[in-house]
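Here the sequence shown stands for residues 207 to 438, numbered as in the numbering used here. C-beta: ideal position from N, C-alpha, C; glycine also. Here the structure is a predicted model, which is why all the values come from computation and not from measurement. All remarks here apply to the structure that follows.
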Amino acid sequence: MTSHDAVNPPVGAPALPDVSHLVVGVLGGTGDQGRGLAYRLARAGQQVVIGSRTAGRAEEAAAEIGYGVRGADNATTARESDIVIVAVPWDGHAATLTELRAELAGKIVVDCVNPLGFDKQGAYALKVEEGSAAQQAAALLPDSRVTAAFHHLSAVLLQDREIERIDTDVLVLGEDREATDLVQALASLIPGMRGIFAGRLRNAHQVEGLVANLISVNRRYKAHAGLRVTDV
């Protein structure tokens with residue numbers, strides 16, 4: 207049985223759509239979070255392209271990941287993908303998306319960026335003019351189908367090749383139900399994970415900001431904490 211055959215929706219939810227034919231691009235695919243997501247999805251059988259500002263850097267990272275992952279510059283990655291995960295640093299978020307507006311038109315864009323600051327007291331959520339990183343993406347990409355997901359995953363666990371399963375839920379938000387269903391299905395390909403619909407983009411700031419709490423949990427308990435939604 208392949209990972210695509212094993213996708214199950216949450217209890218009481220309709221069957222999730224087939225995403226096996228879709229190409230997934232990861233902008234920021236050479237960073238820890240992007241590399242980890244690319245590795246897990248490719249290992250599950252998905253077609254994956256990772257992007258970087260320079261194609262050579264992306265190609266090197268893709269070769270290290272293996273599983274058929276390809277590397278390209280960000281514009282090529284956006285053009286050649288059906289679903290594009292945005293895993294770039296927050297300080298480059300707006301500029302990257304603005305540059306790629308044409309290439310991302312018509313695409314499902316999955317924003318997993320967490321606008322965080324750090325001081326002596328630890329991590330804290332930054333205030334974003336549009337409300338959240340995902341809402342900023344929606345404002346900058348009016349012709350794209352913007353969703354928010356993959357915020358609460360440990361980059362350490364994602365990249366650890368000795369770990370078969372990552373037992374956590376992925377909260378998926380968005381205005382377009384077909385798009386959120388596809389992102390849920392994508393998340394559910396990874397063994398141990400479930401994609402859970404968690405509302406509209408106006409609530410994405412809560413999901414993004416919760417990462418600051420998880421960082422505090424990790425520091426206190428020396429863990430790589432995730433989330434589980436109960437009774438679903």
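Take alanine 385, set aside five residues on each side of it, and the residues of its chain with a beta-carbon closer than 7 Å to its own are Ile314, Arg351 and Thr353, in chain order.
One alpha carbon belongs to leucine 228, the other to glutamate 270, and they sit about 22 Å apart. Between the alpha carbons of leucine 388 and lysine 326 lies a distance of about 40 Å. Judged by DSSP in its simplified three-state form, serine 258 adopts strand. Of the candidates Asp437, Val417 and Thr436, the residue whose Cα lies closest to the Cα of histidine 430 is Val417. Fewer than three Cβ pairs drawn from the region 277-285 and the region 393-405 lie within less than 8 Å of each other, which leaves the two stretches out of contact. Between leucine 233 and leucine 364, the gap from beta carbon to beta carbon reaches 8 Å or more.
Taking 8 Å as the upper bound for CB-CB distance, valine 319 and histidine 299 are in contact here, some 5 Å apart. Of all C-beta pairs linking the region 366-373 to the region 336-345, fewer than three are shorter than 8 Å, placing the two stretches out of contact. Looking only at Gly235, Ala221, Gly405 and Asp297, the smallest Cα-Cα distance to threonine 260 is reached by Gly235. Taken through DSSP and simplified to helix, strand or coil, arginine 285 comes out as helix. Cβ neighbours of valine 362 within its own chain (closer than 6 Å, five residues either side excluded): His430. Its chain contains Asn280, Ala281 and Ala284 as the residues whose beta carbon lies nearer than 7 Å to that of leucine 306, once the 5 sequence neighbours on both sides are disregarded; these appear in chain order. When rounded, the separation of the alpha-carbon atoms in aspartate 373 and proline 295 is 25 Å. Boundaries of the alpha helix (DSSP H) around valine 413: 410-427.
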